[in-house]
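**Student:** Sharing a structure below in structure tokens format, with a few things to ask.
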Amino acid sequence: SNAWLELQWMLCGAVFLMCAPWTLKVKEHIRIDIVKSLLPKSVQRWIDLIGHTLFLMPFCILMIYHSWPFFTRSYAINEQSLSAGGLAQWPAKALVVIGFVMLAIQGVSEIIKQVAIMRGELEDDETLRGHAAAAEAEAHRLLEQAKQQGVTS
Numbered sequence: 765s766n767a768w769l770e771l772q773w774m775l776c777g778a779v780f781l782m783c784a785p786w787t788l789k790v791k792e793h794i795r796i797d798i799v800k801s802l803l804p805k806s807v808q809r810w811i812d813l814i815g816h817t818l819f820l821m822p823f824c825i826l827m828i829y830h831s832w833p834f835f836t837r838s839y840a841i842n843e844q845s846l847s848a849g850g851l852a853q854w855p856a857k858a859l860v861v862i863g864f865v866m867l868a869i870q871g872v873s874e875i876i877k878q879v880a881i882m883r884g885e886l887e888d889d890e891t892l893r894g895h896a897a898a899a900e901a902e903a904h905r906l907l908e909q910a911k912q913q914g915v916t917s
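Each residue of the sequence shown is one higher than the one before, counting from 765 in our numbering.
Right under this line is the structure:
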């Protein structure tokens, strides 16, 4: 039925929106780690701080600002799908707002942590690098091997 199909895409969206803050917390968002890892730690920290402050936070704020009216209007009129047997649309629109609020909160947490690390008030916990750590270690090993064989400069 149409309700099951609509529930499927709503749940798919929910997974991505609700997991984004956790993904940021464990440092698993897409980055150019191979290039960044060649830079000194202090530069890496500045890149993270600037990225979170100038890109992540404004994006979250814009998404919250622009998605809130869509949610409130949808909730106020109890917007339903145009499909026969479809679902209410406001829960999916609420997920957008909730997901970006949670991502913004985690973004603020990451900014606070970066500032504390840069000031020496908090130790940088490299164990929270998640699954990408193994891939990064392998990339470094291959890069070192290539350097030893004279493949790269």
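A virtual CB, placed ideally from N, CA and C, is assigned to each residue, including glycine. A quick note: this is a predicted structure, and the numbers were derived from the prediction, not measured.
If we count Cβ pairs, one from each stretch, closer than 8 Å, do we get three or more for the region 867-887 versus the region 768-775?
**Tutor:** At 8 Å Cβ cutoff, the stretches do not touch.
**Student:** Any idea what DSSP makes of Gln772, helix, strand or coil?
**Tutor:** Note: Gln772 maps to helix in three-state DSSP.
**Student:** For a quick check, are the C-beta atoms of Gln870 and Lys789 less than 8 Å apart?
**Tutor:** The answer is yes: Cβ separation under 8 Å.
**Student:** Three or more C-beta pairs closer than 8 Å, one from the region 814-830 and one from the region 859-868: is that the case here?
**Tutor:** As far as the Cβ criterion goes, the region 814-830 touches the region 859-868, which means the pair count is three or higher.
**Student:** Give, in chain order, every unbroken run of the alpha helix (DSSP H) that is at least 4 residues long and sits entirely within the region 803-882.
**Tutor:** Correct list: 805-815, 821-840, 854-882.
**Student:** Locate the alpha helix (DSSP H) running through Asp797, then write down its first and last residues.
**Tutor:** Unbroken alpha helix (DSSP H) run through Asp797: 797-800.
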